[in-house]
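**Student:**
Protein chains in written order, with the numbering used here: chain E, 85 to 327; chain A, 62 to 163.
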């Protein structure tokens with residue numbers, strides 16, 4: 085949204101493919117917001133994400149079900165790839181809505197970005213991370229993922245008011261904090277080449293992001309410093325085009 | 062419609078194998094007959110003098126409850142609004158206030 089003008093929402097299609105009566109998400113749900121914005125790019129291809137309408141539980145592999153057995157990088161994404169992309173020659177789009185719910189203990193996003201990296205290692209042509217707080221960016225990435233010829237993967241950070249324990253009106257602001265504090269950098273990988281789509285030169289301290297959620301209330305100064313250092317290190321590597 | 066057998070006969074012939082497993086949706090579209098999930102405590106109200114019709118509230122609504130009216134201003138469909146307050150928080154001009162439904 086930083087590069088777009090104020091009236092950018094008027095440029096997007098006003099037609100709704102995401103029906104409000106068809107989902108039962110909590111109020112302020114980040115996953116519902118992400119699905120709705122992704123629908124604006126998918127448009128006629130709604131069959132791809134039909135199962136995300138809360139009529140039936142998610143059949144799209146959720147991070148929680150993936151992290152359970154695999155410990156090495158790459159193992160986590162493998163069940164998803166087997167389910168969605170059968171064979172390297174296929175052309176499919178896998179969207180993962182990550183609300184960081186089932187991980188045992190609260191973990192900032194910087195410590196577990198194995199999903200996009202593993203997808204790159206598996207030879208996905210287009211891999212990107214997105215956040216519903218940056219809607220134009222998200223819609224653009226899903227559209228590019230759909231138009232790419234090979235397999236593509238989009239990892240979407242979806243804030244969860246219930247799991248992360250914050251007021252529901254902060255849902256979009258929390259996602260923006262995660263991006264601005266460099267914990268969840270927005271980048272895309274086109275055939276193995278990393279590129280930051282939104283680069284924040286002014287660093288926001290991660291303390292603002294951590295203190296806004298009650299799930300991190302056990303974090304003391306030591307943990308906060310560790311997260312800050314890890315985030316800056318990972319971001320510096322990402323800026324040079326490495327993971 | 063399948064005619065139901067008399068209750069006495071059913072209880073004699075039925076075993077545990079005929080009992081359906083709980084918590085499984087046998088058909089989809091269960092939420093469609095309901096017009097609204099619950100009555101929201103607070104609903105958004107637009108101040109048309111401060112609104113510039115940018116559409117940010119429309120873009121950030123998770124429930125797709127905000128529609129653009131004929132005059133270009135936005136309004137909430139109270140059947141589907143859950144009162145999360147994202148539009149109130151994200152409005153750059155403070156044109157949206159959360160009020161009690163009245």
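Don't be surprised by glycine CBs; every beta carbon is placed ideally from N, CA and C. Because the structure is a prediction, the values reported are computed rather than measured.
#1: Specify the secondary structure class of residue 119 of chain A as computed by DSSP and reduced to three states.
#2: Mind pulling the chain E residues with CB within less than 9 Å of residue 157 of chain A?
#3: What residue does the alpha helix (DSSP H) around residue 290 of chain E start on, and which one ends it?
#4: Residue 162 of chain A by DSSP, collapsed to three states: which one?
#5: Strictly under 9 Å for the Cβ-Cβ distance: is residue 108 of chain A near chain E by that measure?
#6: Can you look up residue 180 of chain E in the DSSP assignment and give me helix, strand or coil?
#7: Using CA coordinates, which residue listed in E:318, E:248, E:277 is at the minimum distance from residue 301 of chain E?
#8: Using a Cβ-Cβ cut-off of 9 Å, state whether residue 116 of chain E counts as contacting chain A.
#9: So, are the CB atoms of residue 208 of chain E and residue 273 of chain E less than 9 Å apart?
#10: Can you determine whether any heavy atom of the ligand GTP sits closer than 8 Å to the C-beta of residue 280 of chain E, and answer yes or no?
#11: Scan the stretch 111 to 137 of chain A for residues whose Cβ lies nearer than 7 Å to a Cβ of chain E and list them as they occur along the chain.
#12: Contact criterion: CB-CB distance below 9 Å. Does residue 78 of chain A meet it with respect to chain E?
#13: Could you tell me the alpha carbon to alpha carbon distance between residue 321 of chain E and residue 129 of chain A, rounded to whole angstroms?
#14: Would residue 101 of chain A and residue 109 of chain E be called neighbours here (beta carbons separated by less than 9 Å)?
#15: Using CA atoms only, rank isn't needed, just tell me which of E:288, E:245, E:286, E:266 is closest to residue 298 of chain E.
#16: Whose CA, out of E:287, E:214, E:215, E:225, lies closest to the CA of residue 126 of chain E?
#17: Cα-Cα, which of E:200, E:305, E:239, E:94 is closest to residue 216 of chain E?
#18: Taking only runs of the alpha helix (DSSP H) that begin and end inside the stretch 241 to 270 of chain E, which ones reach a length of at least 4 residues, in chain order?
#19: Taking the alpha-carbon of residue 290 of chain E as reference, which of E:283, E:265, E:282, E:281 has the nearest alpha-carbon?
#20: Taking residue 319 of chain E as part of the alpha helix (DSSP H), name the residues at either end of that continuous run.
#21: Under 9 Å, Cβ to Cβ, is there at least one residue of chain E near residue 145 of chain A?
#22: Given this structure, state the Cα-to-Cα distance separating residue 323 of chain E from residue 160 of chain A, to the nearest angstrom.
#23: In this structure, how does DSSP classify residue 100 of chain E when only helix, strand and coil are distinguished?
#24: Which residues in chain E sit within 7 Å of residue 161 of chain A, going by Cβ to Cβ distance?
#25: Below 9 Å on C-beta distance, what does residue 120 of chain E contact in chain A?
#26: For a contact defined as C-beta to C-beta under 7 Å, what are the partners of residue 112 of chain E on chain A?
#27: Quick one: residues in its chain with C-beta nearer than 6 Å to the C-beta of residue 325 of chain E, no 5 flanking neighbours on either side, listed in chain order?
#28: Looking at residue 284 of chain E: is its Cβ nearer than 9 Å to the Cβ of residue 263 of chain E?
#29: What does the alpha-carbon distance come out to for the pair residue 151 of chain E and residue 203 of chain E?
#30: Determine the direct distance from the alpha carbon of residue 112 of chain A to that of residue 116 of chain E, and round the result to whole angstroms.
#31: Our contact map puts residue 242 of chain E next to residue 183 of chain E with C-beta atoms below 8 Å; I'd like the distance itself, whole angstroms only.
#32: Tell whether a beta-carbon distance below 9 Å holds between residue 112 of chain E and residue 142 of chain A.
#33: Can you tell which of E:90, E:201, E:257, E:123 has the C-alpha that lies nearest to the C-alpha of residue 223 of chain E?
#34: DSSP state of residue 147 of chain A, grouped into three classes?
#35: Chain E beta carbons: is any one of them nearer than 9 Å to that of residue 150 of chain A?
**Tutor:** Put simply:
#1: Position 58 of the second chain, counted from the start, is the residue given in the question as residue 119 of chain A. Three-state result, residue 119 of chain A: helix.
#2: Along the second chain, one-based indexing puts residue 157 of chain A at 96. In chain order: nothing, as chain E lies at least about 11 Å away.
#3: Taking the first residue of the first chain as 1, we reach residue 290 of chain E at position 206. Residue 290 of chain E -> alpha helix (DSSP H) spans 290 to 295.
#4: If you number the second chain from 1, residue 162 of chain A lands on position 101. The answer is coil: DSSP assigns residue 162 of chain A none of H, G, I, E or B.
#5: Taking the second chain and counting its residues from 1, one reaches residue 108 of chain A at position 47. Chain E, which has no Cβ nearer than 9 Å to the Cβ of residue 108 of chain A, makes this no.
#6: The residue labelled residue 180 of chain E in the question sits at position 96 within the first chain. DSSP places residue 180 of chain E in strand when its eight states are reduced to three.
#7: Stepping through the first chain from its first residue, residue 301 of chain E is reached at position 217. Out of E:318, E:248, E:277, E:248 has the C-alpha closest to the C-alpha of residue 301 of chain E.
#8: As a working mapping, residue 116 of chain E is identified with position 32 in the first chain. Output row for residue 116 of chain E: interface = yes.
#9: Numbered from 1 along the first chain, position 124 holds the residue referred to as residue 208 of chain E. Numbered from 1 along the first chain, position 189 holds the residue referred to as residue 273 of chain E. A contact, by the Cβ cut-off of 9 Å.
#10: Summarising the ligand content, the structure contains no ligands, and the ligand GTP is consequently not present.
#11: 115, 116, 117, 119, 120, 121, 123, 124, 125, 126, 129
#12: Locating residue 78 of chain A in the second chain gives position 17, where the first residue counts as 1. Not one chain E Cβ lies under 9 Å of residue 78 of chain A.
#13: By 1-based counting over the first chain, the position of residue 321 of chain E is 237. By 1-based counting over the second chain, the position of residue 129 of chain A is 68. Going by the C-alpha atoms only, they are around 44 Å apart.
#14: In the second chain, counting from the first residue as 1, residue 101 of chain A sits at position 40. In the first chain, counting from the first residue as 1, residue 109 of chain E sits at position 25. For residue 101 of chain A and residue 109 of chain E, no; Cβs fall outside 9 Å.
#15: Sequence index remark: in the first chain, residue 298 of chain E carries index 214 (1-based). It is E:245.
#16: Here residue 126 of chain E corresponds to residue number 42 of the first chain, with the count starting at 1. Closest option to residue 126 of chain E, Cα to Cα, is E:225.
#17: On the first chain, residue 216 of chain E is found 132 positions in, with the first residue counted as 1. The shortest C-alpha separation from residue 216 of chain E is found at E:239.
#18: 245 to 248, 255 to 264
#19: Mapped onto the first chain, residue 290 of chain E falls at position 206. Of the listed residues, the one whose Cα sits closest to residue 290 of chain E is E:265.
#20: Against the first chain, residue 319 of chain E aligns to sequence position 235. Here the alpha helix (DSSP H) through residue 319 of chain E covers 305 to 323.
#21: In the second chain, residue 145 of chain A corresponds to position 84, counting from 1. Yes, residue 145 of chain A counts as interfacial toward chain E.
#22: For the purposes of this step, residue 323 of chain E is identified with residue 239 of the first chain, where counting begins at 1. For the purposes of this step, residue 160 of chain A is identified with residue 99 of the second chain, where counting begins at 1. If you take the alpha carbons of residue 323 of chain E and residue 160 of chain A, they lie about 45 Å apart.
#23: As a first step, residue 100 of chain E must be located in the first chain, where it is residue number 16. Coil at residue 100 of chain E, not helix or strand.
#24: Working through the second chain from its first residue, we reach residue 161 of chain A at position 100. Going along chain E, no residue has its Cβ under 7 Å from residue 161 of chain A, so there is no contact; the nearest lies around 16 Å.
#25: To locate residue 120 of chain E, count along the first chain from 1; it is residue 36. Residues of chain A passing the Cβ test: 122, 123, 124, 125.
#26: The count along the first chain starts at 1 and reaches residue 112 of chain E at position 28. The answer, in chain order, is 123, 145, 147.
#27: Sequence index remark: in the first chain, residue 325 of chain E carries index 241 (1-based). So the list reads 278, once near-sequence residues are dropped.
#28: Reading the first chain from its first residue, position 200 is the one you call residue 284 of chain E. Reading the first chain from its first residue, position 179 is the one you call residue 263 of chain E. Result yes, Cβ atoms of residue 284 of chain E and residue 263 of chain E sit closer than 9 Å.
#29: Sequence index remark: in the first chain, residue 151 of chain E carries index 67 (1-based). Sequence index remark: in the first chain, residue 203 of chain E carries index 119 (1-based). For residue 151 of chain E, the predicted model reports a pLDDT of 31, less than 50, meaning its position is unreliable; a value from the coordinates is still stated below. If I take the Cα positions, the gap works out to 15 Å.
#30: Numbered from 1 along the first chain, position 32 holds the residue referred to as residue 116 of chain E. Numbered from 1 along the second chain, position 51 holds the residue referred to as residue 112 of chain A. One C-alpha to the other measures close to 26 Å.
#31: Residue 242 of chain E sits at position 158 when you count from the first residue of the first chain. Residue 183 of chain E sits at position 99 when you count from the first residue of the first chain. That pair is a contact at about 5 Å.
#32: On the first chain, position 28 is the one that residue 112 of chain E refers to. On the second chain, position 81 is the one that residue 142 of chain A refers to. No, the Cβ-Cβ distance between residue 112 of chain E and residue 142 of chain A is not below 9 Å.
#33: For this step, residue 223 of chain E is matched to residue 139 along the first chain. The option with the nearest alpha carbon to residue 223 of chain E is E:123.
#34: The count along the second chain starts at 1 and reaches residue 147 of chain A at position 86. In this structure, residue 147 of chain A counts as helix in the three-state DSSP scheme.
#35: Counting from 1 along the second chain, the entry for residue 150 of chain A is found at position 89. Chain E contact via Cβ: present.
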